[in-house]
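Notes follow the structure.
2 protein chains.
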Amino acid sequence: MQSRPRIPEATVARLAVYLRVLTGLADSGRGTVSSGELASAAGVNPAGLRKDLSHLGPCGVRGVGYDVATLRDRIAAVLGMETAHACVLVGIGNLGSALAGYGGFGNRGFEFVGLFDASPARVGQRIGDLPVRPMEELDEVVAATRATIGVIATPAEVAQRVCDRLTRAGVRSILNFAPVALTAPAGVGVRQVDLSVELQVLAFLDKQRGALPGTALGTGLAPAGGMA
Amino acid sequence: MQSRPRIPEATVARLAVYLRVLTGLADSGRGTVSSGELASAAGVNPAGLRKDLSHLGPCGVRGVGYDVATLRDRIAAVLGMETAHACVLVGIGNLGSALAGYGGFGNRGFEFVGLFDASPARVGQRIGDLPVRPMEELDEVVAATRATIGVIATPAEVAQRVCDRLTRAGVRSILNFAPVALTAPAGVGVRQVDLSVELQVLAFLDKQRGALPGTALGTGLAPAGGMA
DNA sequence: GCCTGTGAACAGTTTCACAGCG
DNA sequence: CGCTGTGAAACTGTTCACAGGC
Chain A
0 MQSRPRIPEA TVARLAVYLR VLTGLADSGR GTVSSGELAS AAGVNPAGLR KDLSHLGPCG
60 VRGVGYDVAT LRDRIAAVLG METAHACVLV GIGNLGSALA GYGGFGNRGF EFVGLFDASP
120 ARVGQRIGDL PVRPMEELDE VVAATRATIG VIATPAEVAQ RVCDRLTRAG VRSILNFAPV
180 ALTAPAGVGV RQVDLSVELQ VLAFLDKQRG ALPGTALGTG LAPAGGMA
Chain B
0 MQSRPRIPEA TVARLAVYLR VLTGLADSGR GTVSSGELAS AAGVNPAGLR KDLSHLGPCG
60 VRGVGYDVAT LRDRIAAVLG METAHACVLV GIGNLGSALA GYGGFGNRGF EFVGLFDASP
120 ARVGQRIGDL PVRPMEELDE VVAATRATIG VIATPAEVAQ RVCDRLTRAG VRSILNFAPV
180 ALTAPAGVGV RQVDLSVELQ VLAFLDKQRG ALPGTALGTG LAPAGGMA
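Those protein sequences? They're chains A and B, same order as listed.
Residue numbering for the first sequence follows numbering that gives the first Met the number 0, starting at 0 and increasing by one per position.
Residue numbering for the second sequence follows numbering that gives the first Met the number 0, starting at 0 and increasing by one per position.
What follows is the structure, encoded as structure tokens:
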């Protein structure tokens, strides 16, 4: 199992979670972990975790477990974290400001190199150490920083136009928080995150679980651990 | 196909997307849609859309399509949107403020009835028309409002403690934005949203696509449409 | 004996092709 | 004739059980 046969996307998402847990363990000086312990910290099943790791080739020691630092580096390499990724963010409203200020990105190999907004009222504000720029400077900044990732946090109505501008500027991967399906040219990857869909799924499961107010707990079969 | 045999979770997530599109169509006075048109607006395959809708029983007219308003109401009913859901939000940092101020929730049958933060500096601030309250008032507010949904937007270190408090207060469904796996008692549903994992998956796909800078477009097989 | 790595069964999801009704 | 509704097929992802090294 070399890196040739493509790694399943579901596995990639979990590798990112394992990486986070491993980084924490390494920072607290831990030398090795077993699949069981790592799985429970990541909220997954141990066998599934081992299967996920099998996609990177053998990297544990039988009877012992995995070397924390080695595994951390191996996953980081596979995920492409050895070099930092430059990102531009368009739409500096409530959500955009939160994303720009969110430490979780910087810590993990992502760096915002440009914040953009169409509203003159927001242009010029600073978030962290970056100024909010007008849309006109987008192409210039993307070219200068070689940013490959664009994040859209605008209202739905303008998201497709922003997507078009990003792809024309040379961005090749887009994370879209606006609640619309975007179309982009082949060769550009789009990933959609819809916060209200998450809430709605949650509400559905809630409804399904507790159909009857009088009945205390439904079937009692509800899953407890969460997952990316 | 009554509502007995459980609707697949993947389908539920897409139903929420269809609902959004249908609401837009209805607002612009549209009477009927075909599966093809609705599917393209939602970013999915037409046959898959019809299969999704088949879980609600027949609700279209052959040779014509779906009645926009009827289908909208049918999906809303299935997702449990006929009654508004009361939510509490814990952790009013950057992300929490964005969530509290995000119109996308209120429009879709969710209402924040309480905002909580442990920091005295934040308590007393207002976001929209709600004050930020101290954690001590959590049980009281959950009980008074019968909130069933809790949203966690705290730092990772305290998320599990907040989860425990929410479940003890009576919340039965939790949406967690903190980057840790939570454990909750059976009967409580937890859903995890990890923004940096999304970015990492995107970066991985980016890397895979454009492995060689000299080679223009890799295989040219990259997917274009995004999905929830 | 413990824990990894993996083939094989299983479950869930997507795609396809077409039957059936308006 | 168009478009919905659906079984059957293909695929992907998950779970299980155990073989194999330390």
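For each residue, glycine too, the CB sits at the ideal point set by N, CA and C.
Which residue comes first and which comes last in the beta strand (DSSP E) that contains Asp116/A?
Segment 109 to 116, the beta strand (DSSP E) holding Asp116/A.
Sort Gly105/B, Glu110/B, Asp128/B, Glu136/B by Cα distance to Asp116/B and report the nearest one.
Of Gly105/B, Glu110/B, Asp128/B, Glu136/B, the residue nearest in Cα terms is Glu136/B.
For Gln199/A, count the other beta carbons within 10 Å of its own beta carbon; 16 or more makes it buried, fewer makes it exposed. Which is it?
It counts as buried.
For Ala25/B and Ala68/B, I'd like the C-alpha separation in whole angstroms.
Cα to Cα, Ala25/B sits roughly 6 Å from Ala68/B.
Using C-beta distances below 6 Å, list every residue in its chain close to Leu174/B, excluding the 5 sequence neighbours before and after it, in chain order.
Once the five neighbours on either side are set aside, the close Cβ partners of Leu174/B are Val150, Arg190.
Please check if any C-beta of chain B sits within less than 8 Å of the C-beta of Gly90/A.
No, Gly90/A lies away from the interface with chain B (no Cβ there is under 8 Å from its Cβ).
Within this structure, are the beta carbons of Met99/B and Phe111/B separated by less than 8 Å?
For clarity, residue 99/B is Ala in the given sequence; the question names Met instead. Yes; because the gap between Cβ atoms is below 8 Å, this pair is in contact.
For Val196/B and chain A, any beta-carbon pair shorter than 8 Å?
Yes, Val196/B lies at the interface with chain A (some Cβ there is under 8 Å from its Cβ).
Threshold first: 3 residues or longer. Then list the beta strand (DSSP E) segments lying entirely within the segment 120 to 161 of chain A, N to C.
The qualifying runs are 129 to 133, 148 to 151.
Just to confirm my understanding: we take Gly95/B, look at its own chain, exclude 5 residues before and 5 after, and list those with CB closer than 7 Å. What are they?
Excluding residues within five positions, the ones whose Cβ falls inside 7 Å are Leu88, Ala152.
Less than 8 Å between CB atoms is the rule here; does Thr10/A satisfy it with respect to chain B?
Taking Cβ atoms only, chain B never reaches closer than 8 Å to Thr10/A, which makes this a no.
What does Lys206/B reach in chain A if we use C-beta pairs closer than 7 Å?
Chain A residues near Lys206/B: Gly79.
Could one say the Cβ of Thr147/A lies closer than 8 Å to chain B's Cβ atoms, at least one of them?
Chain B contact via Cβ: present.
Should the segment 166 to 186 of chain B be regarded as contacting the segment 122 to 136 of chain B, the criterion being three or more beta carbon pairs within less than 8 Å?
Not touching, per the Cβ criterion.
As a quick exercise: from Ala12/A, Arg208/A, Gly105/A, pick the residue whose alpha carbon is nearest that of Thr82/A.
For the residues Ala12/A, Arg208/A, Gly105/A, the minimum Cα distance to Thr82/A belongs to Gly105/A.
Over the uninterrupted beta strand (DSSP E) stretch that includes Val89/A, give me the two end residues.
Unbroken beta strand (DSSP E) run through Val89/A: 84 to 89.
Nearest by alpha-carbon distance to Thr147/B: which of Ser53/A, Ala202/A, Thr10/A, Gln207/A is it?
Looking at the Cα atoms, Ala202/A is the closest of the given residues.
Does DSSP classify Val190/A as helix, strand or coil?
It should be noted that the sequence gives Arg, not Val, for residue 190/A. Here Arg190/A sits in strand by DSSP.
Would you call Gly42/B buried or exposed, if buried means 16 or more other Cβ atoms sit within 10 Å of its Cβ?
Gly42/B is buried by the Cβ-count criterion.
Jot down the residue ranges of each uninterrupted beta strand (DSSP E) in the segment 40 to 91 of chain A, minimum 3 residues, whole runs only, in chain order.
DSSP runs (the beta strand (DSSP E)) wholly in the segment 40 to 91 of chain A: 84 to 89.
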